[in-house]
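> Those protein sequences? They're chains A and B, same order as listed. Counting in numbering that gives the first Met the number 0, the first sequence runs from 0 upward without gaps. Counting in numbering that gives the first Met the number 0, the second sequence runs from 0 upward without gaps.
Number of protein chains: 2
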Amino acid sequence: MSREEEMGALEEGRFDPEVSDNTVGEGAGGPAMGTMENAVRVLLMGLGEDSEREGLRKTPIRVAKAFREGTRGNNEFVDAFVGYRQKVEDIVQGAFFPEAGLNNGIGHAGGDGGLVVVRDINLFSYCESCLLPFSIKCHVGYIPSGQRVVGLSKLSRVADVYAKRLQEPQRLADEICQALQNSIRPAGVSVALQCWHIQFPKVLKCINLNLPRHPSRSSMQGWVHTSVCSSTGVFEQKKSSFSDDFHTLLQFSGANFDLSNTGCSIHSWCLLRSLDVPESNDDMMRNNLLNGRIFSKPVVSHTSMVAAVASIILSLGEDPSRKELVGTPYRYVHWLMNFSRSNIDIRQNGFLLNAINSHKSSNGYIHRENEINSELNLPFCAQCEHHLLPFHGVVHIGYFHDEEKKDIDRSSLQTMVHFYGCKLQVQERLTRQIAEAVYSVLGRGVMVVLEANHICMVSRGIEKVGSSTATIAVMGQFSTDITAKALFLEAISKVTAAVGP
Amino acid sequence: MSREEEMGALEEGRFDPEVSDNTVGEGAGGPAMGTMENAVRVLLMGLGEDSEREGLRKTPIRVAKAFREGTRGNNEFVDAFVGYRQKVEDIVQGAFFPEAGLNNGIGHAGGDGGLVVVRDINLFSYCESCLLPFSIKCHVGYIPSGQRVVGLSKLSRVADVYAKRLQEPQRLADEICQALQNSIRPAGVSVALQCWHIQFPKVLKCINLNLPRHPSRSSMQGWVHTSVCSSTGVFEQKKSSFSDDFHTLLQFSGANFDLSNTGCSIHSWCLLRSLDVPESNDDMMRNNLLNGRIFSKPVVSHTSMVAAVASIILSLGEDPSRKELVGTPYRYVHWLMNFSRSNIDIRQNGFLLNAINSHKSSNGYIHRENEINSELNLPFCAQCEHHLLPFHGVVHIGYFHDEEKKDIDRSSLQTMVHFYGCKLQVQERLTRQIAEAVYSVLGRGVMVVLEANHICMVSRGIEKVGSSTATIAVMGQFSTDITAKALFLEAISKVTAAVGP
Numbered sequence: 000m001s002r003e004e005e006m007g008a009l010e011e012g013r014f015d016p017e018v019s020d021n022t023v024g025e026g027a028g029g030p031a032m033g034t035m036e037n038a039v040r041v042l043l044m045g046l047g048e049d050s051e052r053e054g055l056r057k058t059p060i061r062v063a064k065a066f067r068e069g070t071r072g073n074n075e076f077v078d079a080f081v082g083y084r085q086k087v088e089d090i091v092q093g094a095f096f097p098e099a100g101l102n103n104g105i106g107h108a109g110g111d112g113g114l115v116v117v118r119d120i121n122l123f124s125y126c127e128s129c130l131l132p133f134s135i136k137c138h139v140g141y142i143p144s145g146q147r148v149v150g151l152s153k154l155s156r157v158a159d160v161y162a163k164r165l166q167e168p169q170r171l172a173d174e175i176c177q178a179l180q181n182s183i184r185p186a187g188v189s190v191a192l193q194c195w196h197i198q199f200p201k202v203l204k205c206i207n208l209n210l211p212r213h214p215s216r217s218s219m220q221g222w223v224h225t226s227v228c229s230s231t232g233v234f235e236q237k238k239s240s241f242s243d244d245f246h247t248l249l250q251f252s253g254a255n256f257d258l259s260n261t262g263c264s265i266h267s268w269c270l271l272r273s274l275d276v277p278e279s280n281d282d283m284m285r286n287n288l289l290n291g292r293i294f295s296k297p298v299v300s301h302t303s304m305v306a307a308v309a310s311i312i313l314s315l316g317e318d319p320s321r322k323e324l325v326g327t328p329y330r331y332v333h334w335l336m337n338f339s340r341s342n343i344d345i346r347q348n349g350f351l352l353n354a355i356n357s358h359k360s361s362n363g364y365i366h367r368e369n370e371i372n373s374e375l376n377l378p379f380c381a382q383c384e385h386h387l388l389p390f391h392g393v394v395h396i397g398y399f400h401d402e403e404k405k406d407i408d409r410s411s412l413q414t415m416v417h418f419y420g421c422k423l424q425v426q427e428r429l430t431r432q433i434a435e436a437v438y439s440v441l442g443r444g445v446m447v448v449l450e451a452n453h454i455c456m457v458s459r460g461i462e463k464v465g466s467s468t469a470t471i472a473v474m475g476q477f478s479t480d481i482t483a484k485a486l487f488l489e490a491i492s493k494v495t496a497a498v499g500p
Numbered sequence: 000m001s002r003e004e005e006m007g008a009l010e011e012g013r014f015d016p017e018v019s020d021n022t023v024g025e026g027a028g029g030p031a032m033g034t035m036e037n038a039v040r041v042l043l044m045g046l047g048e049d050s051e052r053e054g055l056r057k058t059p060i061r062v063a064k065a066f067r068e069g070t071r072g073n074n075e076f077v078d079a080f081v082g083y084r085q086k087v088e089d090i091v092q093g094a095f096f097p098e099a100g101l102n103n104g105i106g107h108a109g110g111d112g113g114l115v116v117v118r119d120i121n122l123f124s125y126c127e128s129c130l131l132p133f134s135i136k137c138h139v140g141y142i143p144s145g146q147r148v149v150g151l152s153k154l155s156r157v158a159d160v161y162a163k164r165l166q167e168p169q170r171l172a173d174e175i176c177q178a179l180q181n182s183i184r185p186a187g188v189s190v191a192l193q194c195w196h197i198q199f200p201k202v203l204k205c206i207n208l209n210l211p212r213h214p215s216r217s218s219m220q221g222w223v224h225t226s227v228c229s230s231t232g233v234f235e236q237k238k239s240s241f242s243d244d245f246h247t248l249l250q251f252s253g254a255n256f257d258l259s260n261t262g263c264s265i266h267s268w269c270l271l272r273s274l275d276v277p278e279s280n281d282d283m284m285r286n287n288l289l290n291g292r293i294f295s296k297p298v299v300s301h302t303s304m305v306a307a308v309a310s311i312i313l314s315l316g317e318d319p320s321r322k323e324l325v326g327t328p329y330r331y332v333h334w335l336m337n338f339s340r341s342n343i344d345i346r347q348n349g350f351l352l353n354a355i356n357s358h359k360s361s362n363g364y365i366h367r368e369n370e371i372n373s374e375l376n377l378p379f380c381a382q383c384e385h386h387l388l389p390f391h392g393v394v395h396i397g398y399f400h401d402e403e404k405k406d407i408d409r410s411s412l413q414t415m416v417h418f419y420g421c422k423l424q425v426q427e428r429l430t431r432q433i434a435e436a437v438y439s440v441l442g443r444g445v446m447v448v449l450e451a452n453h454i455c456m457v458s459r460g461i462e463k464v465g466s467s468t469a470t471i472a473v474m475g476q477f478s479t480d481i482t483a484k485a486l487f488l489e490a491i492s493k494v495t496a497a498v499g500p
């Protein structure tokens, strides 16, 4: 039995919880889901992939579910057949509690005038300019009035309803703020958001290569960051100190809310926004060819891919002709095409063979210990083939120094990491491919450690914020030499120690 | 219209998402839910509370839902009417993907022998000894074999199924490990858990009062911590280095997994476990009376409360006569009774009046700035009246120094915080009550800042790990003197700076 058959047999006739679970409110099917699945198949074909290959076979339904889950704020609205404000009022309505204000003296507290702040609510939203998820730390403050308070978890739930849409940071802050003001009717509401937007792989390649190596803590480094704020009522009054108190309490929790950074423009926030969207998609096709990017023969046109994304947006209950969304399908396809399948192999391409011997020993990144060279913290951004969502982090490569063959310089290794990352991937395979590529030119022994954050682990139903994944591949001398392995791992942990916990 | 009527009117006839949402798999009702709700009403009455008062009216259904949600790992089993191993196999079955091993050379990678680790999966479980939730950071490593890998999110999902039960750390690690071994059939699995169990309020009072003041980062300080590990296959082999590699990768992510701390006994893990469970609950009643704890007349006996908790355990699909669960109802009631309603008021009790004048100015905790005294980082643990789950953190109290009345010493303020914390509470009210109590003896001006972590924000469907809540109450001179307010907040932030970000 071939491997493919074996895998098929494993799945045949089985209950598949990935497909039937995590359903929010609706049945698993429906015409909108079918439309989205077909659209994702078009995208996979446009990427030069076989959408029927193992690993991609269920990607269309996974992606459709992730999109629906990620925009369920819309779906709640659509499902409920009620007005939008009504829905939020429903969330908070059952959770008002009478709390007396102060019973004597002048002051503010309890159910009247005392500041209440919920800090560090982790949210995920989708950028309306490019359909990529962005990460949010949301802070909400309000001043109760009328001797009543609202259940604390409701502030988080309302924020989540507005995050789960195609959004833009300032509008998100404004919408959460207005919805809470209208539903709770307090003396004032203030919403502060810290938002992080992932960058292009091409941009990532150019940024500071000396990223801190701890992916779960530094995961937002190298992302575009913006802070936005929205306020109503007493928070808007210049002479009141409520706004100052709110921001002081945010500082206490380590939020470092940088007001000077507020108001990052949409162009600098979403770097894809700065793309000129061509009148015709033929331009895009021509540009890609001019840029020399090699596709396996695309079986579908870029126009079809752009149309497919527009149909996804429509299926999510959004209007693709809304001003902010007009260029979105083009931008998303542009992002995706960074991960299009290439049939060339970097090893056969002669690239690495040319790169060796060019090593300069003055390179500060190289640790020479017992002839082991370590190149640490090579950043990467790949696309998870199961969910079409990015995973990103750092690669550490250790290899035995070979007097004859010399070393590979860091930028060549970085280019190689970029090459293998820029396609639909799984972390285990990416780790193996990098190891094999290095081993193919430097035969003695190679060890690769890859540490990554998977957006699919947080932006879908899983929501395991802070989790990170590490994989190891070991070839040649490293697989028998435990001391060498330990030395390389120690080299990585030294960098950790230098960066600090 | 009275305030109560107004609150009632707000809720009447409304859709209540707290009650109808967050339902996992089942309908909202069912006989088990009704049994649990009745049992919670018995507990509320045993605490001397009016279960019909606003704020508590929906507590029975909230608590029942939280228990069901927190033990849904059982429910999945019960619902599915399938064997236990079968269920976990269903979770992973749809998520196997073929991944080639290395195509040449000696080594381990990809679908064969390369270590795969998912770190820092945040989970919550319920302690089987006392029914209180405990917090978990779960790390899973496995060595793929047979040229296939499993979807990364499945490791987290399987861990969650076993966490969502009445558990004990070592058994939890063993069960996750065995379930993954049996369903994935890799070369080996290793599961490492870091667990934190909340302490008693009475114990909390005695621990180091100089806790770091950042609740969201230090929230686990002062909790009982234990680390456990469970391994199968190649991780158990002494000569293999897989186990070392796994723990090294955990150190990279800052886990500081302390193997020397492994194997904390169940008695030191759950402090309630060290209670002698009396043969008869009459003993408990007598002990409580001997200890001089003043209850408002309990309308239900302690025996009824213990029986009510046993009925909750039964409704969750557990056997209350299972060895580990026999003393659990008694221990949970013992914990709850820390929060029983008292009709005395600490202000009328003369306690604070006796405490003033006893201040020694050598107390290092007092910052005297413009006559403002600051007592910072007074720890507390209260019980959320909406969910019967703890919220805990620190209180900062600032008050104007009064030459005539002198100061209140820190231990008296701590006792007061403890007094107001040890009942069914909401954070806004607790903040107000502390401010009022201090103001009643030191009239010039009082400001209270309370920073807390609410377990109800993470252990139910909300799962906002890392969020924290801050409230402010301001009385007298502080409400008009913005400079004084700012000085006090600055005193708090100075402590932050000293502790470090």
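Just so you know, even glycine gets a beta-carbon here, dropped at the ideal spot from N, CA and C. Note that the structure is predicted; figures quoted are calculated from it, not measured.
Between the C-alpha atoms of residue 305 of chain B and residue 390 of chain B, what's the straight-line distance to the nearest angstrom?
C-alpha separation (whole angstroms): 23 Å.
> When the cut-off is 8 Å and only beta carbons count, does residue 148 of chain A lie next to chain B?
It does; some Cβ of chain B falls within 8 Å.
> Do residue 338 of chain B and residue 423 of chain B have their C-beta atoms closer together than 8 Å?
Contact: yes.
> Contact check, residue 399 of chain A vs residue 443 of chain A under 8 Å by CB: the rounded distance?
The Cβ separation is near 4 Å, so the contact holds.
> Suppose you measure from the CA of residue 493 of chain B to the CA of residue 250 of chain A; what does that come to, to the nearest Å?
Rounded to the nearest angstrom, the two C-alpha atoms are 11 Å apart.
> Does any residue of chain B have a CB that is nearer than 8 Å to the CB of residue 54 of chain A?
True, the Cβ-Cβ gap to chain B drops below 8 Å.
> Does any residue of chain B bring its CB to less than 8 Å from the CB of residue 422 of chain A?
It does not; no Cβ of chain B falls within 8 Å.
> For the pair the region 66-73 of chain A and the region 326-333 of chain A, tell me if three or more CB-CB distances fall below 8 Å.
Verdict: no, contact absent.
> Considering only residues of the same chain and omitting the five flanking positions on each side of residue 434 of chain B, which have a CB-CB separation below 6 Å?
The residues are 445, 447, 472 and 474.
> So is residue 474 of chain B in contact with chain A if we call contact Cβ pairs under 8 Å?
Judged by the 8 Å Cβ criterion, residue 474 of chain B is in contact with chain A.
> If you reduce the DSSP assignment to three classes, tell me which class residue 190 of chain A lands in.
In the structure shown, residue 190 of chain A sits in a strand (DSSP, three-state: E or B).
> If the cut is a Cβ gap below 9 Å, which residues of chain B does residue 484 of chain A touch?
Within 9 Å Cβ-Cβ: 240, 243 and 244.
> Is it buried or exposed for residue 431 of chain B, if we count other Cβ within 10 angstroms and need 16 for buried?
Under this definition residue 431 of chain B is a buried residue.
> To which residues does DSSP link residue 576 of chain A through a beta bridge?
A question about residue 576 of chain A goes unanswered here, because the residues of chain A that appear run from 0 up to 500.
> With a threshold of 8 Å between beta carbons, is residue 415 of chain A in contact with chain B?
Taking Cβ atoms only, chain B never reaches closer than 8 Å to residue 415 of chain A, which makes this a no.
> With distances taken between CB atoms, is the gap from residue 95 of chain B to residue 149 of chain B smaller than 8 Å?
Taking 8 Å as the Cβ cut-off, residue 95 of chain B and residue 149 of chain B qualify as a contacting pair.
> With C-beta atoms as the reference, is residue 119 of chain A less than 8 Å away from residue 146 of chain A?
No; because the gap between Cβ atoms is not below 8 Å, this pair is not in contact.
> Distance check for residue 183 of chain B and residue 449 of chain B, CA to CA, integer angstroms please.
Rounded to whole angstroms, residue 449 of chain B to residue 183 of chain B spans 47 Å at the Cα level.
> Do the region 407-422 of chain A and the region 126-145 of chain B touch if we need at least three Cβ pairs shorter than 8 Å?
No: fewer than three Cβ pairs fall under 8 Å.
> Alpha carbon to alpha carbon, how far is residue 377 of chain B from residue 484 of chain B?
Straight-line Cα distance between these residues: approximately 19 Å.
> How far does the alpha helix (DSSP H) with residue 155 of chain B in it extend, from its first residue to its last?
Where residue 155 of chain B is concerned, the enclosing alpha helix (DSSP H) stretches over 151-162.
> Is it the case that the region 226-240 of chain A contacts the region 266-276 of chain A, given that we only count it when at least three CB pairs across the two stretches are under 8 Å?
Segments in contact, no.
> Could you tell me the distance, in whole angstroms, from the CA atom of residue 341 of chain B to the CA atom of residue 46 of chain B?
One C-alpha to the other measures close to 9 Å.
> Go ahead and pull the three-state DSSP assignment for residue 102 of chain B.
It is coil, neither helix nor strand.
> Which word fits residue 52 of chain B, buried or exposed, when buried means at least 16 other C-beta atoms lie within 10 angstroms of its C-beta?
The residue in question, residue 52 of chain B, is exposed, as its Cβ has fewer than 16 Cβ neighbours within 10 Å.
> Alpha carbon to alpha carbon, what distance is there between residue 192 of chain A and residue 468 of chain B?
Looking at the two C-alpha atoms, the distance is approximately 16 Å.
> Grab the span of the alpha helix (DSSP H) containing residue 504 of chain B for me, first residue to last.
Summary: the structure shown does not reach residue 504 of chain B, with chain B confined to residues 0 through 500, and so no result is reported for it.
> Could you check what DSSP says for residue 487 of chain B in three-state terms: helix, strand or coil?
In the structure shown, residue 487 of chain B sits in a helix (DSSP, three-state: H, G or I).
> List the residues of chain A whose Cβ lies closer than 7 Å to the Cβ of residue 46 of chain B, in chain order.
What residue 46 of chain B touches in chain A: nothing, since even the nearest Cβ is about 18 Å away.
> What in chain A is Cβ-close to residue 248 of chain B, meaning under 7 Å?
Simply 469.
> Could you spell out where the alpha helix (DSSP H) holding residue 248 of chain A opens and where it closes?
Element bounds for residue 248 of chain A: 241-251.
> Can you find a CB in chain B that lies within less than 8 Å of the CB of residue 407 of chain A?
It does not: the Cβ of residue 407 of chain A has no partner Cβ on chain B nearer than 8 Å.
> Leaving out the 5 sequence neighbours to the left and right, which residues in its chain are closer than 6 Å to residue 455 of chain A when beta-carbon positions are compared?
So the qualifying residues of the chain are 383, 386 and 388.
> So, does the CB of residue 430 of chain B fall closer than 8 Å to a CB anywhere in chain A?
It does: the Cβ of residue 430 of chain B has a partner Cβ on chain A nearer than 8 Å.
> Taking Cβ positions, are residue 31 of chain B and residue 314 of chain B nearer each other than 8 Å?
Yes, Cβ-Cβ distance for residue 31 of chain B and residue 314 of chain B is below 8 Å.
> Near residue 87 of chain B, which residues of its chain fall below 6 Å by C-beta distance, leaving aside the five closest residues on each side in sequence?
157, 178 and 182, listed in sequence order.
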